[in-house]
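The block underneath contains the structure these notes are about, expressed in structure tokens.
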Amino acid sequence: MNALHLTPVRSRDARAYCAMWHRHHPPPVGQVFAVGVADEEGVLRGVAVVGRPVARMLDNGQTLEVTRTATDGAANANSMLYGAAWRAAKALGYTRLITYTQAGESGASLRAAGWRVVAERPATAGWSRPSRPRTPRGTEHIPRTLWEAA
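Quick look at the structure:
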């Protein structure tokens, strides 16, 4: 097994990686920053994309959200990305970093990186409203867990 190390990753490269490897969401539209992990040969093995919180009530100027992580299955890559994302967010002056997992995801990478569960969110009917229709993405009706970097 090759040792992993952190590596810078450009926005377009992070989006392309998420499109290839993320299980259930398309790449995020925007971001504040992205970070990657690569092996000893320099092959990108995973990315984390960090942006403003999706929930507008959490967007207080001091909080960021890990909106995507995607890996090719490399051991420990995801927990390395979550730890690096929190260190980078703190270095930029942010005081809180959150993310969500869907029901059925263990959260093992988050626990390994020192994150803690903040809340359990019930399933919703989705983002679509009569005043602003949205296209279903296949992730509606799934409970989620809100996590926070400790």
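Numbering (this note's numbering), first residue to last: 14 to 163.
Beta carbons: idealized from backbone N, C-alpha and C, even for Gly.
(request) Have a look at Val130 and Thr158 and give me their C-alpha separation to the nearest angstrom. (result) To locate residue 130, count along the sequence shown from 1; it is residue 117. To locate residue 158, count along the sequence shown from 1; it is residue 145. Between Val130 and Thr158, the C-alpha separation is close to 7 Å.
(request) With a 10 Å radius around its C-beta and 16 neighbouring C-beta atoms as the bar for buried, classify Thr80 as buried or exposed. (result) Position 67 of the sequence shown holds residue 80. With 16 or more Cβ atoms within 10 Å of its Cβ, Thr80 is classed as buried.
(request) Report yes or no: do three or more beta-carbon pairs, one from the stretch 115 to 130 and one from the stretch 46 to 64, lie closer than 8 Å? (result) no
(request) In angstroms with no decimal places, state the Cα-to-Cα distance between Trp128 and Ala98. (result) Against the sequence shown, residue 128 aligns to sequence position 115. Against the sequence shown, residue 98 aligns to sequence position 85. The straight-line gap from Cα to Cα measures roughly 12 Å.
(request) List the DSSP bridge partners of Trp160. (result) Taking the sequence shown and counting its residues from 1, the one referred to as residue 160 is at position 147. For Trp160, which the question treats as bridged, DSSP gives the partners Thr112 and Val130.
(request) Count the other C-beta atoms from every protein chain shown that fall within 10 angstroms of the C-beta of Arg58, then say buried if there are 16 or more, exposed otherwise. (result) Position 45 of the sequence shown, counting from 1, holds the residue named residue 58. Buried.
(request) Determine the DSSP secondary structure at Leu105, reduced to helix, strand or coil. (result) Taking the first residue of the sequence shown as 1, we reach residue 105 at position 92. Here Leu105 sits in coil by DSSP.
(message) Considering just the uninterrupted stretch of the alpha helix (DSSP H) at Leu123, what are its terminal residues?
(response) Taking the sequence shown and counting its residues from 1, one reaches residue 123 at position 110. Here the alpha helix (DSSP H) through Leu123 covers Ala121 to Ala125.
(request) With DSSP collapsed to three states, give me the class of Gly64. (result) Taking the sequence shown and counting its residues from 1, one reaches residue 64 at position 51. If DSSP states are grouped into helix, strand and coil, Gly64 belongs with the strands.
(request) Could you tell me if Gly96 is buried or exposed, where buried requires 16 or more neighbouring beta carbons within 10 angstroms of its beta carbon? (result) Position 83 of the sequence shown, counted from the first residue, corresponds to residue 96. Label assigned to Gly96: buried.
(request) Report yes if the CB atom of Leu110 is closer than 8 Å to the CB atom of Leu71, and no otherwise. (result) If you number the sequence shown from 1, residue 110 lands on position 97. If you number the sequence shown from 1, residue 71 lands on position 58. No, they are not a contact pair.
(message) Nearest by alpha-carbon distance to Gly137: which of Thr20, Gln115 and Ala126 is it?
(response) Taking the sequence shown and counting its residues from 1, one reaches residue 137 at position 124. The amino acid occupying residue 137 in the given sequence is Thr; Gly does not appear at that position. When only C-alpha atoms are compared, the closest one is Gln115.
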